[in-house]
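Engineer:
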Amino acid sequence: MSYGLAALGLALAAYLLHRALSRYTLDEITASIGSIPRGDLGIAALFAAASYLCLTGFDWLGLRYVGKPLSYPRTALASFVSLSLGHSIGFAGVSSGAFRYRYYSRWGLSALEVGKLVVFCGATVGLGLLVLGSAALLLRPDLPAGFAGLSPGLVRAIGIAGAALAILYLVLAARLRRPLRIRNVTIEMPPLRLAAAQMLVGTVNFALVAACLASVVSAASEARYLDVATAYVTGNVMTLLTHVPGGLGVIETAVMYLLPGASLIGPLIAFRVIYFLLPLAIGLLTFLGAELAFRRSGAAPNRRRPNGRKEAHQGAHEPEGALRVE
Numbered sequence: 051m052s053y054g055l056a057a058l059g060l061a062l063a064a065y066l067l068h069r070a071l072s073r074y075t076l077d078e079i080t081a082s083i084g085s086i087p088r089g090d091l092g093i094a095a096l097f098a099a100a101s102y103l104c105l106t107g108f109d110w111l112g113l114r115y116v117g118k119p120l121s122y123p124r125t126a127l128a129s130f131v132s133l134s135l136g137h138s139i140g141f142a143g144v145s146s147g148a149f150r151y152r153y154y155s156r157w158g159l160s161a162l163e164v165g166k167l168v169v170f171c172g173a174t175v176g177l178g179l180l181v182l183g184s185a186a187l188l189l190r191p192d193l194p195a196g197f198a199g200l201s202p203g204l205v206r207a208i209g210i211a212g213a214a215l216a217i218l219y220l221v222l223a224a225r226l227r228r229p230l231r232i233r234n235v236t237i238e239m240p241p242l243r244l245a246a247a248q249m250l251v252g253t254v255n256f257a258l259v260a261a262c263l264a265s266v267v268s269a270a271s272e273a274r275y276l277d278v279a280t281a282y283v284t285g286n287v288m289t290l291l292t293h294v295p296g297g298l299g300v301i302e303t304a305v306m307y308l309l310p311g312a313s314l315i316g317p318l319i320a321f322r323v324i325y326f327l328l329p330l331a332i333g334l335l336t337f338l339g340a341e342l343a344f345r346r347s348g349a350a351p352n353r354r355r356p357n358g359r360k361e362a363h364q365g366a367h368e369p370e371g372a373l374r375v376e
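Going by the numbering used here, the first residue of the sequence shown is number 51, and it counts up by one from there.
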């Protein structure tokens, strides 16, 4: 069954790659990239690579949150494949979670532990958007105000509320020692040092993606980095609400609305190719190569700890933070 799910995921990702590329002709893709200076394309690619490197930190911290740290190469493999494919499949929490389970179950994590890790990574995404989005709303309230039909004062208030929520998260991490119970779900906050690292890596990731977008947009517009970051965060929030795969069309709409007066079709196609489609293609190849390697080595899901010892009696090892469903 697990191999069937893997094949289904591979086929779905390949279909999405074809669907995304079929929206443009080969001439459009080559012309859009050719219209942007190579130096800007190179810088955008570096920012994209830095973002995916930063994303591995989500899993690295998450594994420490559940008390099952793994080596960085394993963590990076699971993170890159899960997110490069999950970004384009849509419903990222579910799709990337399925790929994460595919890998981490082989390396000693239970389904509940993978679930905790996925929740932690989702919270990291939310914190990154919250911090960068709040800063953008406070510094440039006029841009999202026109897009959403809100007054600049209300946009600033939303920004302040977002910043307050981010601070509250850190306060809870520092002060809350007892589990927080919501119906049948029990949540244990990560320790402050882990929560602070979580907020930092989440914010840096979105800042890097915005920098990738700004690098290609600069070829057709004089928009400042903060303008592009505001547009990107707005589009990303809309993507999370709609679950459109890879924000296809949503991010473009937000950017073109918030940054009018410039021909941005070419830069936006280039951004999508650099940040979504190239990683998707590389992720497909990586996933296929890893599956072949696992099959040749006879690797299978096991219940051994990452350090090679058999799993101890339940309760003998307490993670730094946890989420339990009773």
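Backbone N, C-alpha and C fix where the C-beta goes; we use that ideal spot for every residue, glycine too. This structure is a prediction, so every number in the text was calculated from the model and none was measured.
1) Does the distance from the C-beta atom of Ser121 to that of Gly136 stay below 7 Å?
2) Residues in the same chain with beta-carbon distance under 8 Å from Val131, minus the five sequence neighbours each way, listed in chain order, please.
3) What residue range does the alpha helix (DSSP H) around Lys166 cover?
4) Let me make sure I understand the geometry here. Which of Ala223, Phe256, Thr253, Arg231 has the alpha-carbon closest to that of Pro241?
5) Mind checking which residues open and close the alpha helix (DSSP H) that includes Leu244?
6) Hey, could you find the ends of the alpha helix (DSSP H) Ile315 is sitting in?
7) How about Ser265 and Ala94: do their beta carbons lie closer than 7 Å?
8) Where does Ile217 sit, in a helix, a strand or coil, going by DSSP?
9) Which two residues bound the contiguous alpha helix (DSSP H) that contains Tyr115?
10) I believe Ala247 touches Leu111 by the beta-carbon criterion, under 8 Å. Please report the beta-carbon distance rounded to the nearest angstrom.
11) Taking the CB atoms as reference points, tell me whether Pro229 and Arg206 lie closer together than 7 Å.
12) Decide if Arg233 is buried, meaning its Cβ has at least 16 other Cβ atoms within 10 Å, or exposed.
13) Provide the residue span of the alpha helix (DSSP H) that contains Phe344, from first to last.
14) Do you know how far the Cα of Tyr325 is from the Cα of Ser347?
15) Using a 10 Å radius around the Cβ and a threshold of 16 neighbouring Cβ atoms, would you call Leu193 buried or exposed?
16) So, using beta-carbon positions, are Ala260 and Leu314 closer together than 7 Å?
17) From Pro123 to Val251, what does the alpha carbon distance come to, in whole angstroms?
18) Which residue's Cα is closest to the Cα of Leu215: Arg243, Gly183, Arg231, Ser201?
19) Rounding to the nearest angstrom, what Cα-Cα distance links Ala185 and Ala213 in this structure?
Structural biologist: According to the structure shown:
1) Taking the sequence shown and counting its residues from 1, one reaches residue 121 at position 71. Taking the sequence shown and counting its residues from 1, one reaches residue 136 at position 86. For the 7 Å CB-CB criterion, Ser121 and Gly136 do not form a contact.
2) To locate residue 131, count along the sequence shown from 1; it is residue 81. In its chain, beyond the 5 residues on either side, Phe149, Tyr153, Gly333, Thr336, Phe337, Ala340 have a beta carbon closer than 8 Å to the beta carbon of Val131.
3) Here residue 166 refers to the residue found at position 116 of the sequence shown. According to the DSSP assignment, Lys166 belongs to the alpha helix (DSSP H) that extends over 161 to 189.
4) Residue numbering aside, residue 241 sits at position 191 when the sequence shown is read from its first letter. Comparing alpha carbon positions, the residue from Ala223, Phe256, Thr253, Arg231 closest to Pro241 is Ala223.
5) Against the sequence shown, residue 244 aligns to sequence position 194. Where Leu244 is concerned, the enclosing alpha helix (DSSP H) stretches over 242 to 267.
6) To locate residue 315, count along the sequence shown from 1; it is residue 265. Ile315 -> alpha helix (DSSP H) spans 315 to 322.
7) On the sequence shown, position 215 is the one that residue 265 refers to. On the sequence shown, position 44 is the one that residue 94 refers to. A contact, by the Cβ cut-off of 7 Å.
8) Here residue 217 refers to the residue found at position 167 when the sequence shown is read from its first residue. DSSP places Ile217 in helix when its eight states are reduced to three.
9) Here residue 115 corresponds to residue number 65 of the sequence shown, with the count starting at 1. Here the alpha helix (DSSP H) through Tyr115 covers 88 to 115.
10) Sequence index remark: in the sequence shown, residue 247 carries index 197 (1-based). Sequence index remark: in the sequence shown, residue 111 carries index 61 (1-based). Indeed, because the Cβ distance is near 6 Å, the residues count as touching under 8 Å.
11) For the purposes of this step, residue 229 is taken as the residue at position 179 of the sequence shown. For the purposes of this step, residue 206 is taken as the residue at position 156 of the sequence shown. No, these two residues do not count as a Cβ contact at 7 Å.
12) The residue you call residue 233 lines up with position 183 of the sequence shown. Residue environment: Arg233 is assigned as exposed (fewer than 16 neighbouring CB atoms within 10 Å of its CB, all protein chains considered).
13) In the sequence shown, residue 344 corresponds to position 294, counting from 1. First-last of the alpha helix (DSSP H) with Phe344: 328 to 347.
14) Reading the sequence shown from its first residue, position 297 is the one you call residue 347. Reading the sequence shown from its first residue, position 275 is the one you call residue 325. One C-alpha to the other measures close to 32 Å.
15) Against the sequence shown, residue 193 aligns to sequence position 143. Answer is buried; the Cβ neighbour count reaches 16.
16) Counting from one through the sequence shown, the residue named residue 260 turns up at place 210. Counting from one through the sequence shown, the residue named residue 314 turns up at place 264. No Cβ-Cβ contact shorter than 7 Å links Ala260 with Leu314.
17) If you number the sequence shown from 1, residue 123 lands on position 73. If you number the sequence shown from 1, residue 251 lands on position 201. So the two alpha carbons sit approximately 18 Å from each other.
18) For the purposes of this step, residue 215 is taken as the residue at position 165 of the sequence shown. Selected option, being the one with the closest Cα: Gly183.
19) Taking the first residue of the sequence shown as position 1, residue 185 is located at position 135. Taking the first residue of the sequence shown as position 1, residue 213 is located at position 163. Using only the alpha carbons, I get a separation of about 8 Å.
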